[in-house]
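Read the structure below first, then the notes.
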Amino acid sequence: GAGVSQSPSNKVTEKGKDVELRCDPISGHTALYWYRQRLGQGLEFLIYFQGNSAPDKSGLPSDRFSAERTGESVSTLTIQRTQQEDSAVYLCASSRGLAGDEQFFGPGTRLTVL
Amino acid sequence: KQEVTQIPAALSVPEGENLVLNCSFTDSAIYNLQWFRQDPGKGLTSLLLIQSSQREQTSGRLNASLDKSSGRSTLYIAASQPGDSATYLCAVVTDSWGKFQFGAGTQVVVTP
Numbered sequence: 297g298a299g300v301s302q303s304p305s306n307k308v309t310e311k312g313k314d315v316e317l318r319c320d321p322i323s324g325h326t327a328l329y330w331y332r333q334r335l336g337q338g339l340e341f342l343i344y345f346q347g348n349s350a351p352d353k354s355g356l357p358s359d360r361f362s363a364e365r366t367g368e369s370v371s372t373l374t375i376q377r378t379q380q381e382d383s384a385v386y387l388c389a390s391s392r393g394l395a396g397d398e399q400f401f402g403p404g405t406r407l408t409v410l
Numbered sequence: 284k285q286e287v288t289q290i291p292a293a294l295s296v297p298e299g300e301n302l303v304l305n306c307s308f309t310d311s312a313i314y315n316l317q318w319f320r321q322d323p324g325k326g327l328t329s330l331l332l333i334q335s336s337q338r339e340q341t342s343g344r345l346n347a348s349l350d351k352s353s354g355r356s357t358l359y360i361a362a363s364q365p366g367d368s369a370t371y372l373c374a375v376v377t378d379s380w381g382k383f384q385f386g387a388g389t390q391v392v393v394t395p
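Quick mapping for you: the protein sequence lines, in order, are chains A and B. With the first sequence counted from 1, adding 296 to any position gets you the numbering used here. With the second sequence counted from 1, adding 283 to any position gets you the numbering used here.
Below, the structure is given as structure tokens:
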């Protein structure tokens, strides 16, 4: 496809379970970003990938959160032992890789932790 | 630390009126500023990207200005339509990694 895709679009899980969220960036985009938007709040940066490396993980809220990227393409955000406060929309964005480049966002994954 | 503020938080106008949305930021050393639209339950749609060296960008009925020295950007939407109802977000990049600092958004309702 031409845009950024994310899966699943919705995920409902029980507290304590692990979840994996997937992002497929635009082909050829070397930069990939994960953001989180909790209900009624602004978007928060989580992690940035340049290629397969993550030079900025400063936004990950706890060690329960991790992410990886392979083949300079797909990225997976993993949340272990989910908590109710992890409920949010998780958004992925990609760009060609320079700080001034336009970023394109995926539709997001809505995570609900019961 | 960069702070991004959007005023007003909400705005309701009758169809046909022009919309003026404001975004301010505290650190003028930005790489770029991008305006987005977000519809309920959806992701972000890019509207306009203004590089730090630019003063404005235009696309159709949309015009965005940038005044780095005063830390402000304004998004103008001419002749608003009910389909313009959405939340509008501005975001700035202030580091070389390109990560965004977002404002909280302005929720716009255009009434027929």
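We treat Cβ as the ideally placed atom computed from N, Cα and C, and that holds for glycine.
Would you say residue i reaches chain A, if we count a Cβ-Cβ gap shorter than 8 Å as a contact?
i: Gly354 (chain B); result: no
i: Ala347 (chain B); result: no
i: Ala292 (chain B); result: no
Determine, for residue i, whether the minimum Cβ-Cβ distance to residues of chain B falls below 8 Å.
i: Ala298 (chain A); result: no
i: Pro351 (chain A); result: yes
i: Ala363 (chain A); result: no
i: Glu398 (chain A); result: yes
i: Leu317 (chain A); result: no
Which residue's Cα is closest to the Cα of residue i: the options?
i: Arg344 (chain B); options: B:Asp350, B:Val392, B:Tyr359 and B:Arg338; result: B:Tyr359
i: Gly402 (chain A); options: B:Thr377, B:Arg355 and B:Thr328; result: B:Thr328
i: Gln317 (chain B); options: B:Ile290, B:Thr309, B:Gly299 and B:Gln384; result: B:Gln384
i: Phe400 (chain A); options: A:Glu364, A:Asp314, A:Asp352 and A:Trp330; result: A:Trp330
i: Glu364 (chain A); options: A:Gly338, A:Leu394, A:Ser301 and A:Thr374; result: A:Thr374
What residues from chain B crowd round residue i, counting only those whose CB sits closer than 7 Å?
i: Asp320 (chain A); result: Chain B residues near Asp320 (chain A): none, gap ~13 Å exceeds 7 Å.
i: Ser390 (chain A); result: Chain B residues near Ser390 (chain A): none, gap ~10 Å exceeds 7 Å.
i: Pro403 (chain A); result: Lys325 and Gly326
Within the continuous beta strand (DSSP E) that includes residue i, where are the two ends?
i: Arg406 (chain A); result: Thr405 to Val409
i: Ser358 (chain A); result: Per DSSP, Ser358 (chain A) belongs to no beta strand (DSSP E) and is neither H nor E.
i: Val385 (chain A); result: Ala384 to Ser391
Check whether the Cβ of residue i lies closer than 7 Å to any heavy atom of the ligand NAP, and answer yes or no.
i: Ser354 (chain A); result: By its list of ligands, the structure shown contains no ligand whatsoever, and the ligand NAP lies outside what it can speak to.
Given that residue i touches chain B, what residues does it touch there, using C-beta distances under 9 Å?
i: Leu387 (chain A); result: Gly326 and Leu327
query: What residues in the stretch 318 to 348 of chain B bring their beta carbon closer than 8 Å to a beta carbon of chain A?
result: Phe319, Gly324, Lys325, Gly326, Leu327, Thr328, Ser329, Leu332, Gln334 and Ser335
query: Mind listing which residues of the stretch 299 to 317 of chain B have their C-beta closer than 8 Å to chain A's C-betas, in chain order?
result: Tyr314, Asn315 and Gln317
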